[in-house]
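Novice:
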Amino acid sequence: MKVPISWLSEFIELKESPEEVAEILTMGGVEVEAIENPYENLGNLIAVKILEIYEPEGLKDLALCKVTDGKEIYTVLTTGKTQVKPNLIVGLAKPESFTFSGEKVEVKAIKKFKSYGMFLSPYEAGLGEEKEKLLLLPEYSPLGESIYKILGISETVLDLAITPNRGDLLSILGVAREIHTLTSWKLNPPNFENAIKTGKKFPGKVEILDKDGCFRYAGRFFGNIKVKESPFYIQKRLWLCGLRPINNIVDITNYVLLEFGQPLHAFDWEKIEDKTIFIRRAYPGEKLFMLDGVERTFNEEDLVIADAKKPMVLAGIMGGEDSGVSENTKNIFLESAWFNQKRIRRSSQRHRITTESSYRFERNIDPEGVVLGLLRASELISKIAEPEIISEIVDIYPKHFIPPQISLFNQKLTKYLGFSIPSEEVENILKKLGQVRRSGYGFQFIPFSYRQDLKIPEDLVEEVARIYGYNKIPSSFPKSTLYCQSPSKILIFEKKLKDIFKSLGFSEVITYSFIDPKTLEKLNLEKNDPRLNFIELANPLSSNQSIMRTTLVPDLIETACFNFFREVNSLKIFEIGKIFLPTEDLLAKEPLHLGILLMGNANRETWYENLRKFDIYDLKGYLSSLFEILKVNVDFKPYSSETFLKSGVSFDLYLDGEKIGFAGEMKNLVLKDFDLKTCVFIAEINLQPLFEKMETLEREFIVKKPPKYPSTFRDVTCIIKKEIKIKEILDFVKTLSIPYLEAVDCIKIYEGSPIPEGEKSITIRFWYRAEDRTLKDKEVNEIQDSVAKKIFERFSAKPR
Amino acid sequence: MISEEIEKLKKEVWETFEKIQDLSHLENFRVKYLGKKGKITSLLKSLKDLSLEEKRRLGKELNELRDQLEEKLKIKEREILFKEEDKDLGLDLTLPGRAFPVGTLHPLSQIIDELCNIFSRLGFEIVTGPEIETEYYNFTALNIPDWHPARDMQATFYLKNGALLRTHTSPMQIRTMLERKPPLRIIAPGKVYRCDADVRHSPMFHQLEGLMVDKDVNFADLKGILTYFAKETFGEKTKVRFRPSYFPFTEPSLEMDIECVICKGKGCRVCGEAGWLEILGAGMVHPEVFNAVNYDTEIWQGFAFGLGIERIAMIKYGIDDIRMFFENHLLFLQSFK
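Structure, rendered in structure tokens:
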């Protein structure tokens, strides 16, 4: 809501600067978003001197002027051929600036002549009505300077953000009243003593058929008016408030809307069939071609203003193209009404139209302002549009508005605020908002009709606190019951995971919960994959954020891409976030998932280390560390069935026979679809089963003690077939029940010359220890020999 | 005679001892005086022809000299060995050390953690809930019926089935109050969504909701709690102010500003020349909200507050583009180590 200080000053005596007024409003709960000077907002409107004048070839009606702003020389084409003279100082709107009529100035070319801007008339400069004259500036004007600075003209406009509860502040008068409430500066309310209250008999008929939709409907007939351009002061005020002038009648309705907050609508009387006006529900399917050029179809929930045959206006929102006031209009009917805010809101939402009018009706207007608005408009119309006939006012008001009576007890106020404000002060504050009567231990209060937001005692608590000053109320700590509950275990679990990954050198990422369905296509999932059963947004910002993610993979890969294209060649990231799966219900299943991604180099090339790329064993290692810390047994089952992973370099992860995730290398083809030309290793785990497992796990905490006797190790090195997996050998070792065996591990694998093709050399290390003595070499050797023999036999191994 | 020799020897021994520089000197010295044919050994041997008393006296003297010398040599040897180890030419210690990659939590996670810690100290319990919500929890129960223009304050993402992405963490007030009996004191951090995207707005962002309900918690207490939060988050000297505002689910409502951390209240680009930065919205729980969860407003009153995590992070770290949080560039993330 834009509030010009000059207009505001008509209703209140401002005793402080606009900046101070802005501060008072802000601290009173009316946020001032900006203090503007609309003249400055127009852009570069500057003084230039005319140097030379030519008649452009083939353009007889125009003059081509060479002008200077003191620095550069431009050419400007003008129609004011007779007015331009060398050495005149005139106003120029430079390209990219705006003029009063809202036109954006651009470099124009007519034939071969270019015009770098436009000479201003007083009108286009927003200074007066003359449109044909050139704006002449004083001789001494500094060239290049803003014309407004030279003329000493400025306007200050406060741009207010009005909260939805305060519809009463959507007018100049309303803001003046609010400033009065906050400061007690003198208010000059509008005077209606000389208003035109009576007139000729109303020549038509008005009937409210939908009493739920329309609470009050008033109007007036004006005959033989002159529809023309508004006087400049009206146009200027509309412009200051961000509205465009149209014609005097429409401008007056807008003027009153801005001034009093009362929306008005003017009908062309001749277009009203049978001179009958019905306020009724629309018939289902009823159509209206509206002022914005769109034809809309109504339903029974819509409220329309109709004549005997057809709807003319979607009530409180927008008029029809046909019934509006045009240049040819002679007689008008001016409407001023109070519509049901809920009905207006629903219609405006359904048809996606917001107008100055609907915006105010939705936020509720002052029921007692309906006729006042009409009176104010009558005054302006009679002055400006020269009507020959003015009718009486029709005012249909079936059920008078009765403001609520609210009780505010001192005790309630004190208990709510934790602070006691003296009764006299409370009373003085309430008096500014309505009628107050002291009663017993508090007040009986009836708000003014424009304060439709005041309904319950708590509303009054806020008003009293706000006007008294929030910052004058002291701060304290609550006196309350101490109670303790165990913190949420899943949150602790999540935090633990994050700390583990941080300590493993990972960076945490947070990505959007909505993704592009195309990214799922790129994963090449099977048709029945549950991840393709996703939840769609009804109104996404764009198609690449149009479905709720069912896997973390696309987000992680896109994060990798973003980094890859910005010179990151080593990435080690994780994310813990929800995925979203549809259910039978409205709500979704939102399991927490963990995603891990490794991309590019595992290290940096340094003086002590060669460059190494991440491989699957990095990923497996990190996951193993995670599971070790969590003390859960997760099986790495080669090879994963995920379509987007290289089968040979991937695992499915199983917990108690249930698949909880996967880990592996992304297929090159998939990465290519994401435009990524590097290796990516990825893992995703559903944390829900992991968390549940940890909750149910009977934790056997084994504290290891330092050994008393030394251990000893023996290695077996042999050549076996390449396809034999290490796990097979280790599993086989387990079956042998080897005495004193403490640990066994593969410590070396070698393929290549001189090992024959299709075979590999491996070294397995066996650790032995007895708890009660130092083992003798001899007995270990005996055990080891027998083990080695069995391994050689079982795997047809050859000695190295 | 011999005693003169001994005196001479003593003098010679200690003079020579002082000159020992390295291990070879030391070894020569040992051989020269203490070796089998060394001077002290020889002198000792030559004592055998003397009288018993002289033998004892001089023998004792020589033995003492020898013992002393051996003791001192041990110390000397250790000294020399210690110095030996410093003799190597130093390494090029200007080379970087073997680095261990340091991980980092997302700045938003860090802020959420920090805020959770602050409110945990005040006895608030952390709860979480669904991100896909119904109109009822997100709006209606919070005193925002479908016709209410306050719905415009939060541009909502709807789902095709009629559910929506929660536009704030306030539904957690309703969910918690329906589940539990008062008194209660909770905070609810989490993701929220609004159809808005520019340098200041992200379609997904994070909020933290707070709710306290008890018999005697009031507006002054709300100010106290929020002031404590601001000082813990932005520093002891942080100035705060409270402005009246409007939220359908609180009455009275307020917004809290802190003095601009950049210009210290003078007015700058960051605070839009205001000198103050808006930090959060709060208020006393609206009776309609208590009615929706069947809390008796005659007994219970409380306050609620909600704040944007990104906003706090942006102010704290001087970040001017909210999108950076979700682009996750490694350099950006690693600056929060």
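Top line first, the protein sequences correspond to chains D and X.
Residues 4 to 803 in this note's numbering are what the first sequence lists, from first letter to last.
Residues 41 to 377 in this note's numbering are what the second sequence lists, from first letter to last.
In this text, a Cβ means the ideal position worked out from N, Cα and C, and glycines have one as well.
(1) Contact criterion: CB-CB distance below 8 angstroms. Does His369/X meet it with respect to chain D?
(2) Which residues, in order along the region 470-493 of chain D, keep a beta-carbon less than 8 angstroms from a beta-carbon of chain X?
(3) Using 8 angstroms as the threshold, is the C-beta distance between Leu140/D and Ile150/D below it?
(4) Run down chain X in chain order and give the residues with a C-beta less than 7 angstroms from the C-beta of Asp678/D.
(5) How long is the line joining the alpha carbons of Gln691/D and Ser789/D, rounded to whole angstroms?
(6) Taking only runs that begin and end inside the region 66-117 of chain X, name each unbroken alpha helix (DSSP H) of 4 or more residues, in chain order.
(7) Check for me: the alpha helix (DSSP H) holding Lys696/D runs from which residue to which?
(8) Check Arg355/D in the structure and name its three-state DSSP category.
(9) Just verifying my parser: in three-state terms, what is the DSSP assignment at Ile283/X?
(10) Please list the terminal residues of the continuous alpha helix (DSSP H) segment that includes Trp54/X.
(11) Quick one: what's got a C-beta closer than 8 angstroms to Glu430/D's C-beta in the same chain, skipping five residues either side?
(12) Can you check which of these residues, Leu92/X, Ala181/X, Glu104/X and Phe69/X, is closest to Ile46/X by C-alpha distance?
(13) Could you please give the first and the last residue of the uninterrupted alpha helix (DSSP H) stretch that includes Leu463/D?
(14) Excluding the 5 residues preceding and the 5 following Leu45/D in the sequence, name in chain order all residues of the same chain whose CB lies nearer than 6 angstroms to its CB.
(15) Which runs of the alpha helix (DSSP H) at least 4 residues long sit entirely within the region 587-633 of chain D? Give them in chain order.
(16) Taking C-beta to C-beta, are Phe716/D and Arg797/D nearer than 8 angstroms?
(17) With a threshold of 8 angstroms between beta carbons, is Glu23/D in contact with chain X?
(18) DSSP beta-bridge partners for Met3/X?
(19) Give the interface partners of Ser506/D over in chain X, defined as CB-CB distance under 8 angstroms, in chain order.
(20) Going by the DSSP bridge assignment, what does Thr522/D pair with across the sheet?
(21) In or out: Ile352/X buried (at least 16 other Cβ within 10 Å) or exposed?
(22) Quick one: list the residues of chain X neighbouring Glu461/D, beta-carbon separation under 8 angstroms, in chain order.
(23) State the DSSP-derived secondary structure class of Thr720/D, mapped to helix, strand or coil.
(24) Have a look at Val637/D, Lys386/D, Asp678/D and Thr514/D and flag the residue whose alpha-carbon is nearest the alpha-carbon of Val230/D.
(25) Output needed in chain order: residues of the region 511-529 of chain D with a Cβ under 8 angstroms from some Cβ in chain X.
(26) Three or more C-beta pairs closer than 8 angstroms, one from the region 251-261 of chain D and one from the region 202-211 of chain D: is that the case here?
(27) Hey, is Asn413/D's beta-carbon within less than 8 angstroms of any beta-carbon in chain X?
(28) Can you find a C-beta in chain D that's less than 8 angstroms from the C-beta of His208/X?
(29) Taking 8 angstroms as the cut-off, does the region 667-677 of chain D touch the region 648-658 of chain D (at least 3 CB pairs, one atom from each stretch)?
(30) Taking 7 angstroms as the cut-off, is the CB of His241/X close to at least one heavy atom of the ligand FAD?
(31) List the residues of chain X whose Cβ lies closer than 9 angstroms to the Cβ of Tyr419/D, in chain order.
(32) Note down, in chain order, every chain D residue with its Cβ under 8 angstroms from the Cβ of Thr174/X.
(33) Taking a cut of 8 angstroms between CB atoms, which residues from the region 527-559 of chain D lie near chain X?
(34) Can you give, in chain order, each stretch of the beta strand (DSSP E) that sits fully within the region 404-462 of chain D and has at least 3 residues?
(35) What are the start and end residues of each continuous beta strand (DSSP E) run of 3 or more residues lying completely inside the region 215-298 of chain X, in chain order?
(36) Given that a residue counts as buried once 16 or more other Cβ atoms are within 10 Å of its Cβ, and exposed if not, what is Ala334/X?
Specialist: Short version:
(1) Yes, His369/X counts as interfacial toward chain D.
(2) Tyr473, Asn474, Ile476, Pro477, Ser478, Ser479, Phe480, Pro481, Lys482, Ser483, Thr484, Leu485, Tyr486, Cys487, Gln488, Pro490, Ser491 and Ile493
(3) yes
(4) Near Asp678/D there are no residues of chain X at all, since even the closest Cβ is about 16 angstroms away, more than 7 angstroms.
(5) 46 angstroms
(6) 79-86
(7) Residues Leu690 to Thr699.
(8) coil
(9) First, the residue type needs correcting, since residue 283/X is Arg and not Ile in the sequence shown. Residue state, collapsed to three classes: strand.
(10) Ile42 to Glu58 is the extent of the alpha helix (DSSP H) around Trp54/X.
(11) Val439, Arg441 and Phe446
(12) Glu104/X
(13) Pro460 to Tyr471
(14) Ser100 and Phe101
(15) 619-633
(16) no
(17) Residue-level contact by beta carbon fails for Glu23/D and chain X, as no gap is shorter than 8 angstroms.
(18) No statement about residue 3/X is possible, as the shown extent of chain X runs from 41 to 377 and does not include it.
(19) Within chain X, the residues near Ser506/D are Gly143.
(20) According to DSSP, Thr522/D bridges with nothing at all.
(21) Buried is the label assigned to Ile352/X, since at least 16 other Cβ atoms lie within 10 Å of its Cβ.
(22) Glu291, Pro292, Met324, His326 and Pro327
(23) strand
(24) Lys386/D
(25) Glu511, Val512, Ile513, Thr514, Tyr515, Ser516 and Phe517
(26) No, the region 251-261 of chain D does not touch the region 202-211 of chain D.
(27) no
(28) False, the Cβ-Cβ gap to chain D never drops below 8 angstroms.
(29) Judged by Cβ distances under 8 angstroms, the region 648-658 of chain D makes contact with the region 667-677 of chain D, as three or more pairs qualify.
(30) No copy of the ligand FAD occurs in the structure displayed, which carries no ligand at all.
(31) Asn258, Phe259, Pro292, Met324 and Gln341
(32) Leu589 and Leu590
(33) Those would be Ile538, Glu539, Leu540, Ala541, Asn542, Pro543, Leu544, Gln548 and Met551, in chain order.
(34) 409-412, 437-442 and 445-450
(35) If we require 3 residues or more, the beta strand (DSSP E) runs fully inside the region 215-298 of chain X come out as 224-233, 244-254 and 280-287.
(36) Looking at the sequence shown, residue 334/X is not Ala but Asn. Exposed, by the Cβ-count rule.
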